[in-house]
Amino acid sequence: MSNLILRPGRAATTLRLILRQARPSLTTTPRTLHNLSTQRPQHPQRHQNPLTIPTQIRTYANLNASSGKAEADLLVEELQELYEVAKDEFEIATESTDTSTIYAASDRESARDALNQLSAVYGLYTAKAGEVQSEGQNQSPGEEGEGDGEGAIIETNYDPAEIPQGVKDEVRRRVGQRIRELRSAVEALEERAMED
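So the sequence shown is numbered by UniProt numbering: it starts at 1 and just counts up by one.
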């Protein structure tokens, strides 16, 4: 606190100001004894938990109709976001591997995880009718048995079962090559790290 000079007539006012600054909870408006006995305590209005967001399941058809975008564009947009994340993780892993940082192994693992997430969503969105993606299809050699990906839950914005085959083919045509290139690059980075 700063040094205060108290004047005789203002000592009580100054003291109240100091108390307000020091303890805001003590500075309530003065009430008479009558007010204290007849007033009920006011409880703040109860609100729902702000972290609880009511979920609304929107089907692929609902999202397509509400956004006005072509069906394939919606799927490609989601895959593009996942691709950007995987590509960023790959670039970080490449840089840390090239400079031999202590984080290189975990960066490569993060790149592999992001690629696996992208590949899994891509596989769900482009699977042919009745085709079930095998569990180890997107794993690189040597990853079986580690248990990292077992029971992984893959969340998608759209229900893959509701996507028409023509749209799946279009998504495969537009996105497949980029995913294959990124997969090859991640595998090459992992092989190069094993050699070093």
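Beta carbons: idealized from backbone N, C-alpha and C, even for Gly.
Skipping 5 residues on each side, what residues in its chain have a beta carbon closer than 8 Å to that of Ala104? By one-based count along the sequence shown, residue 104 stands at place 104. So the qualifying residues of the chain are Ala93, Ser96, Thr97 and Ala193.
Integer Cβ distance of Phe90 from Ala188, believed to fall under 8 Å: For the purposes of this step, residue 90 is identified with residue 90 of the sequence shown, where counting begins at 1. For the purposes of this step, residue 188 is identified with residue 188 of the sequence shown, where counting begins at 1. Phe90 to Ala188, Cβ: 10 Å. No contact.
Using the C-alpha atoms, what's the distance from Ala161 back to Arg101? The residue given as residue 101 occupies position 101 in the sequence shown. The residue given as residue 161 occupies position 161 in the sequence shown. Before going on, a small fix: residue 101 reads as Thr here, not Arg. Each residue's Cα considered, the two are about 43 Å apart.
Between Tyr125 and Lys168, which are expected to be in contact by the criterion C-beta below 8 Å, what is the C-beta distance as a whole number of angstroms? Residue mapping note: residue 125 aligns to position 125 of the sequence shown, counting from 1. Residue mapping note: residue 168 aligns to position 168 of the sequence shown, counting from 1. Confirmed, about 6 Å.
Quick one: using the 10 Å Cβ neighbour count with 16 as the cut-off for buried, is Ile163 buried or exposed? As a working mapping, residue 163 is identified with position 163 in the sequence shown. When all chains shown are included, Ile163 counts as buried.
Could you tell me the distance, in whole angstroms, from the CA atom of Glu181 to the CA atom of Leu115? In the sequence shown, counting from the first residue as 1, residue 181 sits at position 181. In the sequence shown, counting from the first residue as 1, residue 115 sits at position 115. If I take the Cα positions, the gap works out to 11 Å.
Is the CB-CB distance between Val76 and Arg178 below 7 Å? Within the sequence shown, residue 76 is the residue found at index 76, counting from 1. Within the sequence shown, residue 178 is the residue found at index 178, counting from 1. Between Val76 and Arg178, the gap from beta carbon to beta carbon reaches 7 Å or more.
Where does the unbroken alpha helix (DSSP H) through Tyr158 begin, and where does it stop? Here residue 158 corresponds to residue number 158 of the sequence shown, with the count starting at 1. Taken as a continuous stretch (DSSP letters only), Tyr158 belongs to no alpha helix (DSSP H), as it is neither H nor E.
Going straight from the alpha carbon of Glu191 to that of Lys128, what length do you get? On the sequence shown, position 191 is the one that residue 191 refers to. On the sequence shown, position 128 is the one that residue 128 refers to. Distance between the alpha carbons of Glu191 and Lys128 is about 32 Å.
Can you check the segment 94-123 for any beta strand (DSSP E) of at least 3 residues that lies completely inside it and give the ranges in chain order? Runs found: none.
Can you look up Ala127 in the DSSP assignment and give me helix, strand or coil? Against the sequence shown, residue 127 aligns to sequence position 127. Coil.
For Thr99 and Gly165, the rounded distance between their alpha carbons: The count along the sequence shown starts at 1 and reaches residue 165 at position 165. The count along the sequence shown starts at 1 and reaches residue 99 at position 99. Correcting the residue type first, residue 165 is Gln in the shown sequence and not Gly. Rounded to whole angstroms, Gln165 to Thr99 spans 45 Å at the Cα level.
Secondary structure at Glu181, three-state DSSP: helix, strand or coil? On the sequence shown, residue 181 is found 181 positions in, with the first residue counted as 1. Here Glu181 sits in helix by DSSP.
Rounded to the nearest angstrom, what separates Tyr83 and Ser106 at their Cα positions? Numbered from its first residue, the sequence shown carries residue 83 at position 83. Numbered from its first residue, the sequence shown carries residue 106 at position 106. Approximately 19 Å between the Cα atoms of the pair.
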